[in-house]
Amino acid sequence: MPGGETVTSSSVVTAAAVAATAVGLLSASRLVRRWRRSRHLSALRSRLQAAYREAKTRFGEHINEEVRRQQLTDSEKSEILSLSTGELLSRLRAKSLDPARVLLAYQARAYEVDRDLNCVIEFLQPDLAEVNLDGPLAGLPISIKESMAVKGKYSCFGLAAFAEKPLPTEDCSTVKILRALGGVPFVRTSVPQTMMSVLSHNPIEGAVKHPTAENRSPGGSSSGEAALIAAGGSPLGLGSDIGGSIRLPAAWCGIAGFKPTSGRLSRQGQRSVSVQKLVPASWGPMGPDVASLATFMKAFCNSELHDQIDPGVPPLGFNETIYVESRPLRIGFYLYDHQFQAVPSAERAVKETVDRLASRGHTMVPWDPPIRRLNLMETYLRAVTCDGAGILDDALNGDRVSYAVKLGLHAIQVPWPGRWVRQRWCRLTGDSETEEWLRSSVPMPNVLSMWYFNQEVTSLREEFTHRWREDKLDAIICPALGCPAVDLEPKSPFNGCLSYLVLYNLFNFPAGSVPVTRVTASDVAAMSNYPAGRSVSHATVARMQAGSEGLPVSVQCAALPWRDEACLSLMREVEAAWRDK
């Protein structure tokens, strides 16, 4: 009937209007909640910034007063700071240096460095009575990354919301064992927001600066550690590494850094944003030379406290025989990983290292890593964001987002229809990095999918290991990563150059970076033949080579899982090959 049709039509219109109103109210409600959260987090951020500034000011006044009171002269301070980490340890063990005066000298120096580089989040005031000064580290001041929980201290990673998390009621296992071994944690160092970035900025503390090139990034996420050590503000530091976060900043700042096999050292009580287990996180030492890294690893691996605090750590003492052995090694090397073309300075560093090692009697084997069929960055990103980066998105919800993480966040927050369109646009424009982010950030639909993915990664690792053993290699040398330090605030993606690093996270091999040379004018000139058009990352890296002359360049060493001493031994040999010219 006509009247019935009119009523029905009116009902449909009314229902549509009600639905539209409900959707509008829901959207408005979400906007209001987000606005309130943003205001709340902004207030939290401001309070944290004020608290950190005030604490640093008070510490500066305290340390200046202590220097005057204890009559620490400039010459005594300079003498202490001029000692290598090994020399410093020897004199501390021999009791020919007072650990209190060594600590004061490094506290004063770290304060000076932080004023220039903004690398310290918090200065600790250690009580030497709580430290075993008769232990193997004998009172050595050691800087620690913010992720290493200290009783009663925030670990925010540039995230205001993390200031509302409960403060730790005890030190993490790292700090407990460190003190028992005679190490003195004296500063906590800065990280980029979320720690899921290789840059150095977060909205609470700002950007950590490069120790020698003010317009370049020191790298991340162990940003503060690398900058502080490179500037002489710490004789030894501890960082963490889930995608190059020790090795990359070490390489960009020109120091040594070592990522042990994950599980070799206890991570109990350490804090992070990510909770995935497909790519195991690791932590390890960073220092001015390889000897300092080996000294630390020996002390920690031989500590009986490991088993007492964390029985999940395998009882593997440090194998000194492997570390110091002088037999000729069979060393594989490669310049290209079938993922990203390293710049000329990175290739030259490997070539010259190979020549120097060959002249010392080692057998150098050109090696083709069996990862041709692997889209390494996509596989890695899929593993670390297997939840669709939901945890990362939640952590940043309503917060001010740093440029250090914006690119990835923009990719994962694209709605489904827009994601499809953007993926195809990226394919057309050659922006493979953003396309990888978009594909890899799709949540795994179920547990079975995660199991199959893990099985795939395991199969790739086994193939890699089989080829390694088949070729009878002791260790590997390759570029530390695809380029030297990038701009402090890059304007376009460059994450393709990280493939050299993330491989050894994905497969859980011990790996370390060793500084060997610096970018030369010839390296920059050779960029004329570089394949900048291959991808957005290649183009970004190519642009940033202008003005790179003088930046540090490192090589990367790697060994099979649980052969950490073999990796350190090769790192020591590389260092000696460049030192003993």
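Be aware that the sequence shown starts at 1, since it is given in full-length UniProt numbering, and climbs by one per residue. We treat Cβ as the ideally placed atom computed from N, Cα and C, and that holds for glycine. Just so we're clear, the structure is a prediction, and the values are computed from it rather than from any experiment.
- Here residue 104 carries a helix assignment [DSSP, helix/strand/coil].
- Counting along the chain, no beta strand (DSSP E) covers residue 322; the unbroken alpha helix (DSSP H) around it starts and ends at 320-324.
- By the beta-carbon neighbour count (other beta carbons within 10 angstroms, threshold 16), residue 423 is buried.
- Of all alpha-carbon atoms in 439, 479 and 403, the one lying nearest the alpha-carbon of residue 418 is that of 439.
- Take residue 241, set aside five residues on each side of it, and the residues of its chain with a beta-carbon closer than 6 Å to its own are 259 and 282, in chain order.
- DSSP places residue 290 within a helical segment (H, G or I) once states are collapsed to three.
- For residue 184, the uninterrupted beta strand (DSSP E) run begins and ends at 183-189, by DSSP.
- For residue 315, there is no enclosing alpha helix (DSSP H), as DSSP gives it neither H nor E.
- By the CB criterion at 8 Å, residue 231 and residue 249 fall outside the cutoff.
- Runs of alpha helix (DSSP H) with 4 or more residues, each lying fully within the stretch 203-262, are found at 223-230 and 247-253, listed in chain order.
- Straight-line measurement puts the Cα of residue 551 at about 11 Å from the Cα of residue 217.
- One thing to note: residue 482 has its Cβ no nearer than 8 Å to the Cβ of residue 257.
- Between the stretch 158-178 and the stretch 187-197, the count of C-beta pairs closer than 8 Å reaches three or more; the two stretches touch.
- By a beta-carbon distance limit of 8 Å, residue 173 does not contact residue 276. Their separation comes to about 21 Å.
- Under the three-pair Cβ rule at 8 Å, the stretch 528-545 does not count as touching the stretch 291-302.
- With a 10 Å radius around the Cβ and a threshold of 16 neighbouring Cβ atoms, residue 94 comes out exposed.
- Under the Cβ criterion (8 Å, minimum of three pairs), the stretch 445-463 does not count as touching the stretch 482-497.
- Excluding its 5 nearest sequence neighbours in each direction, residue 329 has C-beta neighbours in its own chain below 6 Å: 362 and 474, listed in chain order.
- Closest in C-alpha terms to residue 525, from the list 542, 114, 509 and 426, comes 542.
- Of the other Cβ atoms in all chains shown, 16 or more fall within 10 Å of the Cβ of residue 558; this residue is therefore buried.
- Secondary structure of residue 333 (DSSP, three-state): strand.
- Measuring C-alpha to C-alpha distances from residue 120 to each of 499, 143 and 347 identifies 143 as the nearest.
- At the C-beta level, residue 221 and residue 187 stay beyond 8 Å of one another.
- Annotation for residue 307: 313 and 315 place their beta carbon closer than 8 Å to its own, counting only its chain and skipping 5 residues before and after.
- With 16 or more neighbouring CB atoms inside 10 Å of its own CB, residue 353 falls in the buried class.
- Going by C-alpha positions, residue 427 is about 14 Å away from residue 378.
- Boundaries of the beta strand (DSSP E) around residue 364: 363-366.
- Burial check for residue 546: the Cβ neighbour count within 10 Å stays below 16, so the residue is exposed.
- Bounds of any beta strand (DSSP E) do not take in residue 165, whose DSSP letter is neither H nor E.
- Distance from the CA of residue 456 to the CA of residue 471, rounded to the nearest whole angstrom, comes to 23 Å.
- Just so you know, the alpha carbons of residue 433 and residue 67 end up roughly 51 Å apart.
- By the neighbour-count criterion, in which a residue is buried when 16 or more other Cβ atoms sit within 10 angstroms of its Cβ, residue 344 is buried.
- Taken through DSSP and simplified to helix, strand or coil, residue 146 comes out as coil.
- Rounded to whole angstroms, residue 87 and residue 579 show a C-alpha spacing of 18 Å.
- Contact between residue 137 and residue 181 holds, with the beta-carbon distance rounding to 5 Å and staying under 8 Å.
- Annotation for residue 92: 99, 102, 138, 139 and 140 place their beta carbon closer than 7 Å to its own, counting only its chain and skipping 5 residues before and after.
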